[in-house]
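Accompanying notes for the structure given below.
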Amino acid sequence: AVVFFPGGFGTLDELFEILTLLQTGKIRKHLPIVLFDRSFWESAVNFQTLINHGTISEDDLALFLLTDSVDEAFTHLTDALARSGVKEHGATL
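In this text, residue positions in the sequence shown follow the working numbering: the first is 10, and each later residue adds one.
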């Protein structure tokens, strides 16, 4: 699982690298991703513009959760990890 908080070029580079690897199937395991701080991410990256220009699909938005809620992020991550078979603390995929 990966949680991204507001950051600069390095953060954006890591985010887009992981999203590209997931989108192209280079990472085959489900990797839950959370973008925390909705206002930052919506102003830094206009995902709807990318869809409108055909550079990503609407389905690509399912690759991550965009949220301001710690509880929502926690639930998303724990549910995704449980679906992947991770049932105990310290386990890895």
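For glycine and all other residues, C-beta sits at the position ideal for the given N, C-alpha and C.
Under 6 Å Cβ to Cβ from residue i, same chain only, skipping five residues before and after it: list those, please.
| i | result |
| --- | --- |
| Leu44 | Phe13, Trp50, Phe73 and Leu75 |
| Ile36 | Leu30 |
Identify which residue in the options has its Cα closest to the Cα of residue i.
| i | options | result |
| --- | --- | --- |
| Ser48 | Leu90, Ala91 and Gly16 | Gly16 |
| Gly94 | Glu23, Lys38 and Leu28 | Lys38 |
| Asp77 | Glu67, His85, Asp46 and Asp22 | Asp46 |
Would you mind reading off the limits of the beta strand (DSSP E) that contains residue i?
| i | result |
| --- | --- |
| Val54 | Counting along the chain, Val54 falls outside any beta strand (DSSP E), and DSSP gives it neither H nor E. |
| Phe45 | Ile42 to Phe45 |
| Leu75 | Leu74 to Thr76 |
Straight-line CA distance for residue i to residue j?
| i | j | result |
| --- | --- | --- |
| Ala82 | Gly63 | 28 Å |
| Glu26 | Asp80 | 26 Å |
| Ser52 | Thr58 | 11 Å |
| Thr32 | Ile65 | Correcting the residue type first, residue 32 is Gln in the shown sequence and not Thr. The alpha-carbon atoms of Gln32 and Ile65 are separated by roughly 9 Å. |
Measure how close the beta-carbons of residue i and residue j come, nearest whole angstrom, since I'm counting them as under 8 Å.
| i | j | result |
| --- | --- | --- |
| Phe56 | Leu70 | 6 Å |
| Ala91 | Ala10 | About 12 Å separates the two Cβ atoms, so there is no contact after all. |
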